[in-house]
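In this note's numbering, the protein residues as written are 127 to 358. One structure is given below, encoded as structure tokens.
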């Protein structure tokens, strides 16, 4: 079975300049995602999809193939699935390589639990799911949330009785974006469909993990938090 890991990494970042190659304990940020992919026993090909020459060189330094992403797929508004499909099609057209499973890893999430990538891939291939993703349990439940009108007055988000004891509320989970495994056929056949997470298919399986494995580096605060966990 061919398991392809795609690490999309754009050059333009508004929060932290060049965040994907920011130094973190002597290594560029993207290195930690590359290392996690290389530690996987199931991933057998890794590529970085980027529009940035410096990021491409960083990937190549760690013996990872860099695929030049077209500008139209590297804008702030371009859905990530466009970059994923482009990488799949590029490898098929240039190398005759077609993956059975696509593992999407975000370059700016440097902390991943050892073995978790393989846990997610196994969850996918051992089931009838279209995709498998990491999630974390939320502690702030939608039932507790309020709307605020223009005058500053609050009203319940949901109508009817609300349970306020934590043990009475159904546990909810949030997709954290740390690890996503998708069947290649599902990714490609949803090409002409639009909507949030449509490219993951209808049957999405979840693998629960701790919040510390979901930290995205987007600003100085999150970068400092990552450094804190690395030191622990």
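The beta carbon of each residue, even a glycine, is placed where N, CA and C say it ideally should be. The model shown is predicted, which means the values in this text are computed figures rather than measured ones.
Using C-beta distances below 7 Å, list every residue in its chain close to residue i, excluding the 5 sequence neighbours before and after it, in chain order.
| i | result |
| --- | --- |
| residue 337 | 262 |
| residue 330 | 255, 256, 257, 259 |
| residue 184 | 147, 154, 156 |
| residue 206 | 134 |
| residue 140 | none |
| residue 197 | 177 |
| residue 188 | 157, 160 |
So what does DSSP say about residue i, is it helix, strand or coil?
| i | result |
| --- | --- |
| residue 247 | helix |
| residue 223 | coil |
| residue 310 | helix |
| residue 130 | strand |
| residue 255 | coil |
| residue 293 | helix |
| residue 263 | strand |
| residue 348 | helix |
| residue 183 | helix |
Taking the alpha carbon of residue i as the point to measure from, which residue in the options has its own alpha carbon closest?
| i | options | result |
| --- | --- | --- |
| residue 115 | 202, 209, 239, 152 | Nothing can be reported for residue 115, as the shown portion of the chain is limited to 127 through 358. |
| residue 232 | 355, 145, 194, 244 | 145 |
| residue 168 | 344, 318, 229 | 229 |
| residue 310 | 187, 176, 227 | 227 |
| residue 245 | 277, 304, 213 | 304 |
| residue 284 | 273, 211, 186 | 273 |
| residue 343 | 150, 278, 286, 182 | 150 |
| residue 300 | 335, 318, 278, 275 | 335 |
Might you give, ordered along the chain, the residues of its own chain that have their beta carbon closer than 8 Å to the beta carbon of residue i, omitting 5 neighbours on each side?
| i | result |
| --- | --- |
| residue 355 | 237, 338, 341 |
| residue 180 | 137, 144, 147 |
| residue 312 | 256, 257, 325, 326, 327 |
| residue 249 | 255, 258, 307, 331, 333 |
| residue 225 | 128, 129, 130, 171, 214, 217, 310 |
| residue 247 | 129, 166, 168, 169, 227, 229, 258, 307 |
Let me know if residue i comes out buried or exposed under the rule of 16 or more other beta-carbons within 10 Å of its beta-carbon.
| i | result |
| --- | --- |
| residue 159 | buried |
| residue 316 | buried |
| residue 293 | exposed |
By Cβ distance below 6 Å, which residues in the same chain neighbour residue i in space, the five residues on each side in sequence not counted?
| i | result |
| --- | --- |
| residue 199 | 208, 209, 212 |
| residue 281 | 273 |
Would you check if the region 192 to 206 and the region 265 to 274 touch, i.e. whether three or more CB-CB distances between them fall below 8 Å? no
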